[in-house]
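Here's the structure we're looking at; comments come further down.
Protein chains: 2
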Amino acid sequence: MRLSHEQFRELAAKHGLAVTHQRQVVYEAVIASHGHHSPESIYAAVRRRIPSISLATVYNNLRLFIECGLLREVSPHASTLRVDGNLKPHHHLVCSRCKSVQDIEGEFIDFNRLSRQLPDGFDLTQPLIEVFGLCRRCRAKN
Amino acid sequence: MRLSHEQFRELAAKHGLAVTHQRQVVYEAVIASHGHHSPESIYAAVRRRIPSISLATVYNNLRLFIECGLLREVSPHASTLRVDGNLKPHHHLVCSRCKSVQDIEGEFIDFNRLSRQLPDGFDLTQPLIEVFGLCRRCRAKN
DNA sequence: TTATTGAACGATAATCAGTATAAAACGACC
DNA sequence: GGTCGTTTTATACTGATTATCGTTCAATAA
Ligand SMILES: [Mn+2]
Ligand SMILES: [Mn+2]
Ligand SMILES: [Zn+2]
Ligand SMILES: [Zn+2]
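First to last, the sequence lines map onto chains P and Y. Residue numbering for the first sequence is 83 to 224, as defined by this note's numbering. Residue numbering for the second sequence is 83 to 224, as defined by this note's numbering.
Following this line, the structure appears as structure tokens:
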């Protein structure tokens, strides 16, 4: 995908990150995945383009991207790291059973009420909300 | 604490769990802790009463309690399991930086709007919400 | 009360995700 | 080409959790 190719070069420049082939490919794999994937699964995807890449490099760069804000970390209740390439403000719907994550839109938070309940000093400038329930599949199993 | 002593026997009976000394003490340690503690720290507490207890027993029983609904699992973004003995419906405020968890009360969710955004089949009968931000301490560090 | 038996426990090995380390490769610059 | 700081790779390591298995316990039937 050419789009994320250019996108990465811009983001890297903005954050003072060197553009390497490995970084480029890792980033593109996350963006192309359109979901909330684990380092393992990103690694699998990246290896198709760079068979010699090391798992450590994938981990290192995912961490780096998260620290710089190129990616968002999403690991609610899950036992392993998940990353999200979608930086537009949005919330998540998480299945308590299988830990799957779906995006959810909409203004369903009353921030006035919420602020009143906040302990002193808690900073909510970029609130992320995760709503837990049962996904369709797990509900069917019951 | 006598209260949780009786409480556990009732809960165990209701869920068909055998009442053992170890289970009793593990459960009481969680309830007495009044927070969101790790298996390690529960283990430390329990050892003061049963020095010979195995870490595996603590893990096994915490898992069991969570599965039966005697405890609530709370491990958002944190790398290790946290348990919550407070089963009253309540939500959590989580620090994105240090992963600390605080309880938060209040009706700040507009469930009408939220329901409209839910994907088909998603079950929200017992919604748990986790709101991410920066706790006071981490904000101070900045 | 005692014997029986499946469940639970304890010790420890194994697993698995993630991190640390150090040597090799890279790449910008001279 | 030689130098130097950065990145990648290979691999060793850590820490949390789970699996295994022999031993012990607790419910209950005789
Ligand atoms: Mn998302
Ligand atoms: Mn709580
Ligand atoms: Zn599910
Ligand atoms: Zn914090």
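Note that CB positions come from ideal geometry on N, CA and C, so glycine has one too. If you're wondering where the values come from, they're calculated on a predicted model, not measured in any experiment.
Compare the Cα-Cα distances from residue i to each of the options and report the closest residue.
{"i": "P:Leu216", "options": "P:Asn142, P:Glu149 and P:Val183", "result": "P:Val183"}
{"i": "P:Val107", "options": "P:Val156, P:Glu189 and P:Val128", "result": "P:Val128"}
{"i": "P:Gly117", "options": "P:Gly98, P:Val176, P:Val101 and P:Val165", "result": "P:Val165"}
{"i": "Y:Leu144", "options": "Y:Pro209, Y:Glu155 and Y:His172", "result": "Y:Glu155"}
{"i": "P:His89", "options": "P:Asn168, P:Phe214 and P:Arg179", "result": "Reading the sequence as shown, one finds Gln at residue 89 of chain P and not His. The shortest C-alpha separation from P:Gln89 is found at P:Asn168."}
{"i": "Y:Pro133", "options": "Y:Glu212, Y:Gln104, Y:Arg179 and Y:Arg91", "result": "Y:Gln104"}
{"i": "P:Lys223", "options": "P:Cys180, P:Leu206, P:Ile186 and P:Gly203", "result": "P:Cys180"}
{"i": "P:Leu163", "options": "P:Pro121, P:Asn142, P:Leu153 and P:Ile186", "result": "P:Pro121"}
{"i": "P:Arg221", "options": "Y:Pro201, Y:Val213 and Y:Glu212", "result": "Y:Pro201"}
{"i": "P:Ile113", "options": "P:Glu187, P:His87 and P:Asn142", "result": "P:His87"}
{"i": "P:Lys96", "options": "P:Ile135, P:Leu152, P:Ile148 and P:Thr139", "result": "P:Leu152"}
So residue i contacts chain Y; which residues on that side make the cut at Cβ distance below 7 Å?
{"i": "P:Cys217", "result": "Phe204"}
So residue i contacts chain P; which residues on that side make the cut at Cβ distance below 9 Å?
{"i": "Y:Asn183", "result": "A quick correction: the sequence has Val, not Asn, at residue 183 of chain Y. The premise fails here: Y:Val183 is roughly 12 Å from chain P at the closest Cβ pair, so nothing lies under 9 Å."}
Using the rule of at least 16 other Cβ atoms within 10 Å of the residue's Cβ for burial, across every protein chain shown, is residue i buried or exposed?
{"i": "Y:His174", "result": "buried"}
{"i": "P:Ala111", "result": "buried"}
{"i": "P:Ala94", "result": "buried"}
{"i": "Y:Val101", "result": "exposed"}
{"i": "P:His119", "result": "buried"}
{"i": "P:Leu137", "result": "exposed"}
{"i": "P:Glu212", "result": "buried"}
Identify the contact partners of residue i in chain P, using a Cβ-Cβ distance below 8 Å as the criterion.
{"i": "Y:Arg195", "result": "Gly188, Glu189 and Phe190"}
Whose Cβ in chain Y lies nearer than 8 Å to the Cβ of residue i?
{"i": "P:Gln199", "result": "Ile186, Glu187, Gly188 and Phe190"}
{"i": "P:Phe214", "result": "Pro209, Leu210, Ile211 and Glu212"}
{"i": "P:Leu175", "result": "Leu200, Pro201 and Phe204"}
Under 9 Å between beta-carbons, which chain Y residues line up against residue i? List them in chain order, please.
{"i": "P:Arg221", "result": "Gly203, Phe204 and Asp205"}
Which residues, taken in chain order from the stretch 114-137 of chain P, show a beta carbon closer than 8 Å to some beta carbon of chain Y? none
If contact is defined by three or more beta carbon pairs under 8 Å, each pair taking one atom from either stretch, is the stretch 196-212 of chain Y in contact with the stretch 177-191 of chain P? yes
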